[in-house]
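Residue numbering for the sequence shown follows the numbering used here, starting at 68 and increasing by one per position.
Before any comments, here is the structure.
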Amino acid sequence: MKKQSLLSLPAICFLLLSFNGIAQVNFNDYHPLQSKGNVPEDFSIETSQKIKQAQEERRNGLTSKQQKVFVEQVNYTIDDLLKSGLVTYGDEVTTYIQRIGDRLTESDTGLAGQLRFYTLNTNEANAFSTDQGMVFVTTGLIAQMTNEAQLAFVLAHEIVHYQEEHVLDLYDYVTDNKSLSYGEKVRFFSKYSRDNEFEADKMGVKLYHAAGYSSSEITKTFDILIYSYLPFEELLFNKEYFNTPDLFVPEKLFKVRKNEITAKQRYDDQLHSHPNVAKRIEALEKEIANYADWGTVLNYPEQSFDEVRSICRFEYILNEVYENKTIDALYSIFVMEQEYPGSRFLKRCKAQIWLEVMKEETYDYYRFNPFVNFDNPYERQFYEGEISVLNSFFKEVPDEGKVALGLRIIHDLYVSDTTDALMGRMWQKGIEVAAANTMFELETFSKHNFNQAVAHIEAERLAQQTSDSLGEQHKRWDKYETIKNQRAGLTVDAGIDSAKFYLYGIADLISDSTFNKQFEAYHQKVKEKELEEEEFFTMTDEEQMAIETEKFEDQLHLDLDTILLVNPFVVEFSGRNELDFQKSDELEERLLTVVQEVGNELGVVVNRLDRSQLQTMTTQQYNDMALIMRTIEKGVQTTDPDVFMIDLERLDSLKLVYGSSKVMLLSLEHNYNDHINVASGVVFSILFPIGMIYFPIALLTAHTTQMNVYIMDLEKGELVVEKSYYSKDQVSRKMLASRCHALFSQLKETGNEN
Numbered sequence: 068m069k070k071q072s073l074l075s076l077p078a079i080c081f082l083l084l085s086f087n088g089i090a091q092v093n094f095n096d097y098h099p100l101q102s103k104g105n106v107p108e109d110f111s112i113e114t115s116q117k118i119k120q121a122q123e124e125r126r127n128g129l130t131s132k133q134q135k136v137f138v139e140q141v142n143y144t145i146d147d148l149l150k151s152g153l154v155t156y157g158d159e160v161t162t163y164i165q166r167i168g169d170r171l172t173e174s175d176t177g178l179a180g181q182l183r184f185y186t187l188n189t190n191e192a193n194a195f196s197t198d199q200g201m202v203f204v205t206t207g208l209i210a211q212m213t214n215e216a217q218l219a220f221v222l223a224h225e226i227v228h229y230q231e232e233h234v235l236d237l238y239d240y241v242t243d244n245k246s247l248s249y250g251e252k253v254r255f256f257s258k259y260s261r262d263n264e265f266e267a268d269k270m271g272v273k274l275y276h277a278a279g280y281s282s283s284e285i286t287k288t289f290d291i292l293i294y295s296y297l298p299f300e301e302l303l304f305n306k307e308y309f310n311t312p313d314l315f316v317p318e319k320l321f322k323v324r325k326n327e328i329t330a331k332q333r334y335d336d337q338l339h340s341h342p343n344v345a346k347r348i349e350a351l352e353k354e355i356a357n358y359a360d361w362g363t364v365l366n367y368p369e370q371s372f373d374e375v376r377s378i379c380r381f382e383y384i385l386n387e388v389y390e391n392k393t394i395d396a397l398y399s400i401f402v403m404e405q406e407y408p409g410s411r412f413l414k415r416c417k418a419q420i421w422l423e424v425m426k427e428e429t430y431d432y433y434r435f436n437p438f439v440n441f442d443n444p445y446e447r448q449f450y451e452g453e454i455s456v457l458n459s460f461f462k463e464v465p466d467e468g469k470v471a472l473g474l475r476i477i478h479d480l481y482v483s484d485t486t487d488a489l490m491g492r493m494w495q496k497g498i499e500v501a502a503a504n505t506m507f508e509l510e511t512f513s514k515h516n517f518n519q520a521v522a523h524i525e526a527e528r529l530a531q532q533t534s535d536s537l538g539e540q541h542k543r544w545d546k547y548e549t550i551k552n553q554r555a556g557l558t559v560d561a562g563i564d565s566a567k568f569y570l571y572g573i574a575d576l577i578s579d580s581t582f583n584k585q586f587e588a589y590h591q592k593v594k595e596k597e598l599e600e601e602e603f604f605t606m607t608d609e610e611q612m613a614i615e616t617e618k619f620e621d622q623l624h625l626d627l628d629t630i631l632l633v634n635p636f637v638v639e640f641s642g643r644n645e646l647d648f649q650k651s652d653e654l655e656e657r658l659l660t661v662v663q664e665v666g667n668e669l670g671v672v673v674n675r676l677d678r679s680q681l682q683t684m685t686t687q688q689y690n691d692m693a694l695i696m697r698t699i700e701k702g703v704q705t706t707d708p709d710v711f712m713i714d715l716e717r718l719d720s721l722k723l724v725y726g727s728s729k730v731m732l733l734s735l736e737h738n739y740n741d742h743i744n745v746a747s748g749v750v751f752s753i754l755f756p757i758g759m760i761y762f763p764i765a766l767l768t769a770h771t772t773q774m775n776v777y778i779m780d781l782e783k784g785e786l787v788v789e790k791s792y793y794s795k796d797q798v799s800r801k802m803l804a805s806r807c808h809a810l811f812s813q814l815k816e817t818g819n820e821n
């Protein structure tokens, strides 16, 4: 039966008060999503305790042994996600999701109040429920949605998966896939069978209908899944977007036609676990026909959904910036600027992505780095829809043109709000990056902007025509002057080559004495470094080795007396490269204990901010940990030099809180794999005493241990230490103490720069 749509006055007042916090979000001065309120038990209870409690409840369809494995795997996987810093609780988005979830379950006494809803900050459009009664919704999914009803149906679908214990059917996949990235873990809980999906759709309609929502939005929800690979809006890209009084970008550099969108509802699903979308829609339409008296698209104020979606879209942009997705980020910023043209957050994101563009064109960005994602650069991507128009423009602009564009845009963003100190630092970094580009020469650029250059050339042409009419000698153009003019963006007939529009884009900057002094100062440092490198290559091998060794050691000499230790990443593999969750936990605890003891011994104060302290951690500390973890991860994936500055303001505020500007992340991986060749062992046993030697050697060399040390400077927002240590030793307490003692002893020393 349809729920009453008329609310009493007290109820209306309650709703207005409930959403008041959301309505006050200031998108012109937006701050990234953070958790609020008390830390939920899902975060604070230890994994081992959760497993113990979960084992007490029998699960149909699994043997005792299977249940033991399943419960352990699922709890460790979910807790790893909960403690990653990507999940938020108590924030505006989570509160909104929880309200809709509560509305969907309030008519079912078995479900009411049993589910906890959380926001997962990733651009993947997904939602999933877990065996423990948690439902996760990604910001990427909400960013793609049109209204509240669509979110309600997705939640209803996931609630049914939990209610019907569909997650138990994932047993085989769970046990076969222990080592997953966070992105893979999002998909981990969405690999249901066809029957499970059809059942969740069918029963989800019942919950959705009872909650008073409109039938018109159910099948539209699948459009989100089909087209989620596209930007969250398909908005006509303005080909005059980059034009300003100082910069003119010719329209001909953009594609006339966009690449067509190719996604389809109906495809061959024989080899897929999921049924295709067309089949699910057909089944849903039949189920929808069984109900009457449908409700509305919105059961809460429309403004609340729009603002929650805007939050998710701002987070979407920030994620694209973190992932250095140039085209995606710029197009998303373009879309959101239509609604929030004065947003400082969007301006900073735009400046940051242009810094990355300038860096890519300046430095050897793709030198070997195992952490760099090679799939992001626009040259390697194929885009569909309006975003392909923007991508086509980027393909037409040469390297020096992108650097010039970056300077132009970052400068204009800075000038638009000189009170923004972070933008001022970004502008200085932009000058530094441009000056480091040896191919970027200010002399190449015109002192006239595009319009001034056109007027200047036209005036010269008229003067020449006047001269010709008076019988004066026509000016001759020789080959060498023609070449010079072409390099300066002029055509053979002295017209402007529109493909080199960028040569006229920074005229005001190169005429500015302050800019020139700053540029030259940075450029001089580059020259000095080049001279040092030239001198280095004239040295003997021994001299080079001595210098490299000194640099290696000096990087660790930070004159350190206090450091903040955050979430270590510790994994223990045993047997045939199998991840052992329990041993990983034990190894992590051993590492943390050793670090604390060594710090005490050497007089280094080690403040901790890690997931083992979640039982006593405040929400502010959780937010701080999430920010630091995300920034360090970005630093690890970034090649030198680091130009990522968007978090500097927030990071800088943590120095006083934790008593140090240095943050340490340790990763430790131990693998024990005794691949003893039995046949060889038999042969060696016959050839005594070689056989007596073979087995001990095989066992002793079965250990491999790698420890990585990352230290971030909160003031700079970049990694100042990035070291790896590899050994064939067993990862004993003694071995860890020895390594940490050597490390902290070096960190206490004063370097050449101190």
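Quick reminder that beta carbons are idealized off the backbone N, C-alpha and C, glycines included.
Predicted, not measured: the structure shown is a model, and the values here were computed from it.
| Asked | Found |
| --- | --- |
| Between LYS701, ASP484, PHE449, which has its C-alpha nearest GLY784's C-alpha? | LYS701 |
| Please work out which residues of its chain come closer than 7 Å, Cβ to Cβ, to ASN518, disregarding the five sequence neighbours upstream and downstream, and give them in chain order. | PHE315 |
| Give the DSSP bridge partners of ASP780, in chain order. | LYS729, GLU785 |
| Just verifying my parser: in three-state terms, what is the DSSP assignment at ARG170? | helix |
| Counting beta carbon pairs with one atom in the region 168 to 177 and one in the region 385 to 393, are three or more of them shorter than 8 Å? | no |
| Between the C-alpha atoms of LEU129 and ASP236, what's the straight-line distance to the nearest angstrom? | 9 Å |
| When DSSP labels each residue in this structure, what does THR706 get in the three-state scheme? | coil |
| Do you know offhand how far ILE291's Cα is from ASP796's? | 51 Å |
| Thinking C-beta only, is ASN775 closer than 8 Å to SER727? | no |
| What is the DSSP secondary structure of ILE476, reduced to helix, strand or coil? | helix |
| Does TYR792 pass the burial test, meaning 16 or more other C-beta atoms within 10 Å, or should it be called exposed? | exposed |
| Out of curiosity, what's the CA-to-CA distance linking ILE167 and ALA219? | 6 Å |
| For the region 618 to 668, list the beta strand (DSSP E) runs that are entirely contained and at least 3 residues long, ordered along the chain. | 629 to 641 |
| Could you tell me which of ARG717, GLN217, LEU814 sits nearest to THR363, measuring between CA atoms? | GLN217 |
| In the DSSP assignment, the beta strand (DSSP E) including TYR185 goes from what residue to what residue? | 183 to 187 |
| Give the C-beta separation of GLU453 and LEU320 to the nearest angstrom, bearing in mind that I take them to be a contact with Cβ-Cβ under 8 Å. | Between LEU320 and GLU453 the Cβ distance is about 16 Å, and since that is not below 8 Å, they are no contact. |
| Grab me the residues of ASP677's own chain with a C-beta within less than 8 Å of its C-beta, minus the 5 sequence neighbours each way, in chain order. | LEU632, VAL633, ASN634, PRO635, LEU659, MET692 |
| Could you check the C-alpha separation between ARG8 and LEU222 for me, to the nearest Å? | Here the chain covers residues 68 to 821 and nothing more, so residue 8 does not appear. |
| Which residue from LYS462, LEU570, HIS276 puts its Cα closest to that of ASP175? | HIS276 |
| Below 8 Å on the Cβ atoms is my guess for ALA471 versus ILE573; work out the distance and round it to an integer in Å. | 5 Å |
| With a Cβ-Cβ cutoff of 8 Å, do ALA192 and GLY207 count as a contact? | yes |
| Since ASN142 is in the alpha helix (DSSP H), which residue starts that stretch and which ends it? | 131 to 149 |
| With distances taken from CA atoms, which of LEU694, MET270, GLU108 is nearest PRO99? | LEU694 |
| Please work out which residues of its chain come closer than 7 Å, Cβ to Cβ, to TYR432, disregarding the five sequence neighbours upstream and downstream, and give them in chain order. | Unreliable positioning characterises TYR432 in this predicted model, as indicated by a pLDDT of 41, which lies under 50. The coordinate reading is nonetheless provided below. Answer for TYR432: LYS426, THR706, listed in chain order. |
| Since I believe LEU803 is in contact with ILE637 (beta carbons under 8 Å), could you give me their beta-carbon distance rounded to a whole number of angstroms? | Contrary to the premise, residue 637 reads as Val rather than Ile in this sequence. VAL637 to LEU803, Cβ: 11 Å. No contact. |
| Please name the residue, chosen from PHE184, PHE811, ARG415, PRO107, that lies closest to ASP626 on a Cα-to-Cα basis. | PHE811 |
| Would you mind stating whether LEU187 and PHE203 have Cβ atoms separated by less than 8 Å? | yes |
| On the criterion of 16 or more Cβ atoms from any shown chain inside 10 Å, does LEU457 qualify as buried, or is it exposed? | buried |
| Can you grab the Cα-Cα spacing for the pair LEU781 / THR685, in whole Å? | 21 Å |
| Just verifying my parser: in three-state terms, what is the DSSP assignment at PRO437? | Confidence at PRO437 is low in this model, with a pLDDT of 37, below 50, so the placement of that residue is unreliable and no value is reported for it. |
| Kindly indicate which residue of SER513, GLU789, LEU721 has the alpha-carbon position closest to the one of ASP313. | SER513 |
| Specify, as a first and last residue, the run of the beta strand (DSSP E) that THR393 falls within. | Counting along the chain, THR393 falls outside any beta strand (DSSP E), though it belongs to the alpha helix (DSSP H) covering 393 to 404. |
| Cβ of ASP262 within 8 Å of Cβ of ALA350? | no |
| Count the other CB atoms, across all protein chains shown, that sit within 10 Å of the CB of LEU715; report buried if there are 16 or more and exposed otherwise. | buried |
| Can you tell me which of the three DSSP states THR686 falls into? | helix |
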